[in-house]
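Undergrad:
In the working numbering, the protein residues as written are 1 to 467.
(1) Can you check which of these residues, 99, 102 and 90, is closest to residue 113 by C-alpha distance?
(2) Taking Cβ to Cβ, would you say residue 215 is nearer than 7 Å to residue 252?
(3) I'd like to check one pair, residue 67 with residue 55: are the Cβ atoms closer than 7 Å?
(4) To which residues does DSSP link residue 87 through a beta bridge?
(5) Buried or exposed: residue 189, going by 16 or more other Cβ atoms within 10 Å of its Cβ?
(6) By DSSP, does residue 254 sit in helix, in strand, or in coil?
(7) Note down, in chain order, each residue of its chain lying with its Cβ closer than 7 Å to the Cβ of residue 330, except the 5 sequence neighbours on either side.
(8) Taking 6 Å as the limit between beta carbons, can you name the residues of its chain near residue 375, skipping five residues before and five after?
(9) Expressed to the nearest angstrom, what Euclidean distance is found between the alpha-carbon atoms of residue 474 and residue 28?
(10) Enumerate in chain order the residues of its own chain whose CB-to-CB distance from residue 85 is below 6 Å, with the five nearest sequence positions on each side excluded.
(11) Go ahead and pull the three-state DSSP assignment for residue 452.
(12) When you compare only the Cα positions, how much space is there between residue 268 and residue 318?
(13) Let me check understanding here. Comparing Cα to Cα, which of 303, 132 and 308 lies closest to residue 368?
(14) From what residue to what residue does the beta strand (DSSP E) around residue 98 run?
(15) Taking residue 143 as part of the alpha helix (DSSP H), name the residues at either end of that continuous run.
(16) Do you know offhand how far residue 449's Cα is from residue 349's?
(17) Just the Cα atoms here: how many angstroms apart are residue 26 and residue 429?
(18) May I have the straight-line CA-CA distance separating residue 171 from residue 434, to the nearest angstrom?
(19) Rounding to the nearest angstrom, what Cα-Cα distance links residue 198 and residue 451 in this structure?
(20) Could you pull out every unbroken beta strand (DSSP E) segment of at least 3 residues lying fully inside the segment 363 to 437, listed in chain order?
(21) Give me the Cα-Cα distance between residue 75 and residue 417, rounded to the nearest whole angstrom.
(22) Look at the alpha carbon of residue 44 and the alpha carbon of residue 438, and state the distance between them as a whole number of angstroms.
(23) Would you list the one or two residues that DSSP bridges to residue 127?
(24) Would you identify the three-state DSSP class for residue 29, choosing helix, strand or coil?
(25) Do residue 254 and residue 220 have their C-beta atoms closer together than 7 Å?
(26) Just grab the DSSP bridge partners of residue 305 for me.
(27) Just grab the DSSP bridge partners of residue 81 for me.
(28) CB-CB under 6 Å to residue 191, same chain, minus the five flanking residues each way: which ones, in chain order?
(29) Which word fits residue 51, buried or exposed, when buried means at least 16 other C-beta atoms lie within 10 angstroms of its C-beta?
(30) For residue 109, which option in 61, 159 and 166 has the closest C-alpha, if you only look at C-alpha atoms?
(31) Got a sec, what are the start and stop residues for the alpha helix (DSSP H) residue 352 sits in?
(32) Kindly identify the DSSP beta-bridge partner or partners of residue 18.
(33) Can you list, in chain order, the residues of its chain with a C-beta nearer than 6 Å to that of residue 284? Leave out the 5 residues immediately preceding and following it.
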């Protein structure tokens with residue numbers, strides 16, 4: 001049967017079907033550091049909508065699972081492809097099909113990188129707001145599949161706020177055009193919104209109509225504020241939010257993450273225990289807002305430096321964007337992603353400190369402090385996630401839920417958080433979402449084993465590290 005599926009794919013798609021060792025091995029893993037068991041049957045490098053439709057027709061006819069994939073930069077294992085599965089890569093579908101400045105929209109293929117899209121839009125005086133730390137290597141389609149966010153979310157919104165419509169291929173090969181090109185549109189159920197964050201379990205996104213913004217006029221001001229410990233920095237971030245000033249970016253790095261990045265970038269080591277807030281304001285009132293924020297931070301005990309030099313701003317943001325490479329140098333990393341109400345940010349950092357003490361694990365943490373999204377990192381030696389790390393992660397997730405938060409703000413559930421999904425959703429909503437999955441994918445061939453875990457399974461699915 002395996003040979004038959006590959007032969008059918010080759011007959012339909014020719015050399016776009018890859019069965020080489022390197023391609024199959026790469027498709028097993030993403031940037032989470034974890035890999036699927038076994039190798040996929042093949043990697044299909046789709047170059048067109050027709051390629052995607054033909055792949056899914058063959059998969060549907062043969063009952064073969066398909067795992068959609070972008071650049072492989074996900075952090076929850078959602079695009080990892082294993083034994084008996086087809087890896088369907090959309091990376092080669094990377095064209096900008098249309099830009100309409102008058103309507104503030106663009107139509108793009110899913111494989112285009114975030115940074116490449118905004119470089120294309122800049123001459124039009126436009127940009128697409130979602131800004132993940134991985135923007136130089138992550139695709140728009142992957143952002144849509146995971147409901148990605150990034151550094152600018154607090155002011156400019158997440159992917160869900162920046163998509164008007166989607167072209168989606170269902171498991172049986174049918175093509176749907178969801179959403180609209182108009183600013184308003186409420187006809188029927190919002191199936192485009194349902195697809196955002198569905199992690200490839202409902203359909204394969206092959207095109208997106210994006211909501212654009214005009215480039216923000218005025219200067220950009222950047223503040224770097226250091227605090228003697230992370231609790232003080234978290235309280236200062238909450239104070240900025242409470243003050244009613246809306247920065248474009250507000251990022252928090254604890255002492256361990258800050259030291260690790262400084263070492264990676266060959267920068268002078270920060271003082272022991274010091275945490276840092278990096279904040280940017282933009283627009284015509286950028287200077288006034290930056291000065292107001294500086295006053296709040298100083299009152300909260302911070303040592304503050306303010307600059308309007310674009311190069312200095314980029315240097316400071318590079319420190320934040322280098323977090324994941326820095327963690328990789330410390331060992332194998334379980335990169336997590338919880339969100340809490342912004343006022344609960346200090347309490348969540350207190351919970352992280354408690355969990356570190358009680359479980360004897362280090363949890364370097366950065367946060368999009370402007371929207372309450374934290375990225376705790378569990379660093380350990382060896383290829384397998386130790387039981388004590390899973391136990392600490394379990395407590396961390398439950399702490400976020402107790403504080404009114406959520407299991408994931410932007411990375412998705414994938415394979416790494418399936419165990420806890422029902423804890424957040426509750427039994428009724430969990431079952432309803434399973435039923436929605438079956439409506440779109442009756443045979444269950446789209447990204448099986450991702451997002452949902454049967455309640456009878458009492459522990460996280462085994463995951464193998466890709467290191």
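Glycine is no exception: its CB is placed at the ideal position from the N, C-alpha and C atoms.
TA: Concretely, from the data shown:
(1) Closest by alpha carbon: 90.
(2) Residue 215 places its beta carbon 7 Å or farther from that of residue 252.
(3) No. Outside cutoff.
(4) BP columns for residue 87 point to 43 and 67.
(5) Looking at its Cβ environment, which holds fewer than 16 other Cβ atoms inside 10 Å, residue 189 is exposed.
(6) DSSP places residue 254 outside both helix and strand once states are collapsed to three, so it counts as coil.
(7) Once the five neighbours on either side are set aside, the close Cβ partners of residue 330 are 260 and 379.
(8) Cβ within range, chain order: 337 and 366.
(9) Because the chain spans 1 through 467 in this model, residue 474 falls outside it and cannot be assessed.
(10) Cβ-Cβ distances below 6 Å link residue 85 to 40, 65 and 67 in the same chain, with the five nearest sequence neighbours on each side left out; the list follows chain order.
(11) Correct three-state label for residue 452: coil.
(12) It is roughly 15 Å from the alpha-carbon of residue 268 to the alpha-carbon of residue 318.
(13) When each option's Cα is compared against that of residue 368, the closest is 132.
(14) Per DSSP, residue 98 belongs to the beta strand (DSSP E) from 96 to 100.
(15) Counting along the chain, the alpha helix (DSSP H) containing residue 143 begins and ends at 140 to 146.
(16) Cα to Cα, residue 449 sits roughly 32 Å from residue 349.
(17) Cα to Cα, the separation comes out at about 35 Å.
(18) Residue 171 and residue 434: Cα-Cα distance of roughly 16 Å.
(19) Near 9 Å, if we compare the C-alpha coordinates of residue 451 and residue 198.
(20) DSSP runs (the beta strand (DSSP E)) wholly in the segment 363 to 437: 365 to 368 and 373 to 380.
(21) Their Cα atoms are separated by approximately 11 Å.
(22) Computed Cα separation, rounded: 24 Å.
(23) Residue pairing of residue 127 in beta bridges, as defined by DSSP: 213.
(24) It is a strand residue.
(25) The criterion of a C-beta distance shorter than 7 Å is not satisfied by residue 254 and residue 220.
(26) 224.
(27) Partner(s): none; residue 81 has no beta bridge.
(28) So the qualifying residues of the chain are 178.
(29) Under this definition residue 51 is a buried residue.
(30) Selection 61, 159 and 166 evaluated against residue 109 yields 166 as nearest (Cα-Cα).
(31) Residue range 345 to 359 is occupied by the alpha helix (DSSP H) that includes residue 352.
(32) In the DSSP assignment, the residues bridged to residue 18 are 43.
(33) Short of 6 Å from the beta carbon of residue 284, and not among the five residues preceding or following it, lie these beta carbons of its own chain, in chain order: 218.
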